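**Student:**
Residue numbers (the working numbering): 19 to 115.
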């Protein structure tokens, strides 16, 4: 999921100088692999709620969530509560003796 979230919004933007001295300019273009709208929000949410995605976010030098970095600890706690509640519900029905 990290790959889907880290795709740049634009690609290109370079100047190529040929051996004969002519230059060729490539303008920045929208990246067709860049997710937008609801798809991007969904993938971003799944990336942030999974522990591996949280670890990747914490390990980055540039903070992707400067104003929303509080979400990662909140998602970690919610994930812990949800998995614990699921475990209690599943094993409460079974006789483990």
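Beta carbons are placed, not taken as given, at the ideal position from N, Cα and C, and that holds for glycine.
It should be emphasised that the depicted structure is a prediction, and the values quoted were computed from it without experimental measurement.
Report whether the distance from the Cβ of residue 40 to the nearest heavy atom of the ligand NAP is below 7 Å.
**Tutor:** This structure does not include the ligand NAP; it has no bound ligands of any sort.
**Student:** Does residue 26 come out as helix, strand or coil in the three-state DSSP assignment?
**Tutor:** Here residue 26 sits in coil by DSSP.
**Student:** Does residue 66 have its Cβ less than 8 Å from a Cβ in chain B?
**Tutor:** Annotation note: the requested chain B is absent from the structure, which comprises a single protein chain.
**Student:** Over the uninterrupted alpha helix (DSSP H) stretch that includes residue 60, give me the two end residues.
**Tutor:** 55 to 67
**Student:** Return helix, strand or coil for residue 91, following the three-state DSSP convention.
**Tutor:** Correct three-state label for residue 91: helix.
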